[in-house]
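Trainee: So the numbering used here is basically just the index in the sequence shown, starting at one, shifted up by 12. For every residue, glycine included, the Cβ atom is placed at its ideal position computed from N, Cα and C. As the structure is a computational prediction, the values presented were derived from the model and not from experiment. Let me give you the structure first, and then I'll get to my questions.
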Amino acid sequence: MDHHHLESRMELLERSYRRMQGVALGALALAALGLGAALLRGQGGALEVSRLTLTDAQGRPRATLAAEADGSTGLVLNDAAGNPRALLGISADGSPKLRFSTAEGLALAELTVYSDEAPRLAFAKKGGAEFFAVGMFPDGSSRLELADEDGRPRAILGADEHGSPGLLLVDRLGQPRAQLRVSPSNSASLVLEGHDGEVFRAPSSVQ
């Protein structure tokens, strides 16, 4: 076989290889289009996926929208280090929640609505202990709590289902020390308890 004929066969093989490359790339493109079309369902081209992740320019996940198998759904936002810092979600029982957390995952602020009618807002220290919480209960009563450094409620301001208000001050052992209340009949009462067990009541007939 002469040199000229060999070069011609090599050129023919190269052209054939390039055509095969083109066919392969075209097949990959069609497969990608088929996958994209499979994700588009229903009228209007709605995108249906169970999890969607957004990444930044460095490829780090910064936001995840997911529907979990237990029925909960949520949008989680991560910081640049990948730590989840904010959550907007609905739990498996249908309670919506908004949460802001530290890089370690401890909640600093959380707003939750329970039972379709019982909202609760809470703030916590970086260590995780709540120091402030306010909420309403399904029976119509409401409650505001101020806690100490260990998360124990120390001052409790609330109103019962009739709107009658009360203030309760508690020591570190959980013992009530001072109570001021207005009853549904609009009568007021005050109870103070000292360390030695001595109790002051006003009016004195309050039990």
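Looking at the structure shown, is Leu181 part of a helix, part of a strand, or coil, going by DSSP?
Mentor: If DSSP states are grouped into helix, strand and coil, Leu181 belongs with the strands.
Trainee: Does the Cβ-Cβ distance between Arg166 and Leu181 come in under 8 Å?
Mentor: Closer than 8 Å, so yes.
Trainee: Counting C-beta neighbours from all protein chains within 10 Å, is the total for Ser113 16 or more, i.e. buried, or is it exposed?
Mentor: The residue is buried, with at least 16 neighbouring Cβ atoms inside 10 Å.
Trainee: Kindly list the residues whose CB is nearer than 6 Å to the CB of Gly83, restricted to its own chain and excluding five residues on each side of it in sequence; keep chain order.
Mentor: Cβ neighbours of Gly83 beyond the five flanking positions: Ala104.
Trainee: Can you give the beta carbon distance from Lys109 to Thr85, rounded, assuming they're within the 8 Å contact cut?
Mentor: Lys109 to Thr85, Cβ: 11 Å. No contact.
Trainee: What does the Cβ neighbour count give for Ala200, buried or exposed, with the cut at 16 atoms within 10 Å?
Mentor: The residue is exposed, with fewer than 16 neighbouring Cβ atoms inside 10 Å.
Trainee: Express the C-alpha separation of Ser195 and Gly204 in angstroms, rounding to a whole number.
Mentor: First, the amino acid is wrong: residue 204 is Leu here, not Gly. Rounded to the nearest angstrom, the two C-alpha atoms are 17 Å apart.
Trainee: In whole angstroms, what separates the C-alpha of Ala78 from that of Ser62?
Mentor: Their backbone Cα atoms lie some 6 Å apart in a straight line.
Trainee: Thinking C-alpha only, which one of Leu169, Pro215, Gly152 is nearest Phe144?
Mentor: Residue Leu169 is the option with its Cα nearest to Phe144.
Trainee: Candidates Glu161, Gly140, Ala134, Asp162: which alpha carbon is nearest Arg155's?
Mentor: Selected option, being the one with the closest Cα: Ala134.
Trainee: For Gly186, which residues of its own chain have a beta-carbon under 8 Å away from its beta-carbon, when the five flanking residues on both sides are left out?
Mentor: If we look at Gly186 and ignore the five residues flanking it on each side, its Cβ neighbours are Arg164.
Trainee: Could you tell me which uninterrupted beta strand (DSSP E) segments, each at least 3 residues in length, are contained entirely in the stretch 120-195, listed from first to last along the chain?
Mentor: Those beta strand (DSSP E) runs which fall completely within the stretch 120-195 and span 3+ residues are 130-136, 142-148, 154-159, 165-171, 177-182, 188-194.
Trainee: Pull the bridge partners of Gly86 from the DSSP assignment, please.
Mentor: For Gly86, which the question treats as bridged, DSSP gives the partners Ala78, Gly101.
Trainee: I'd like to know whether the C-beta atoms of Gly101 and Leu87 end up nearer to each other than 8 Å.
Mentor: In contact: Gly101 and Leu87 (Cβ atoms closer than 8 Å).
Trainee: Taking 7 Å as the cut-off, does the CB of Arg184 come closer than this to any heavy atom belonging to the ligand SAM?
Mentor: Although the ligand SAM was asked about, the structure shown includes no ligands whatsoever.
Trainee: Which residue or residues does DSSP assign as beta-bridge partners of Ser113?
Mentor: Ala119.
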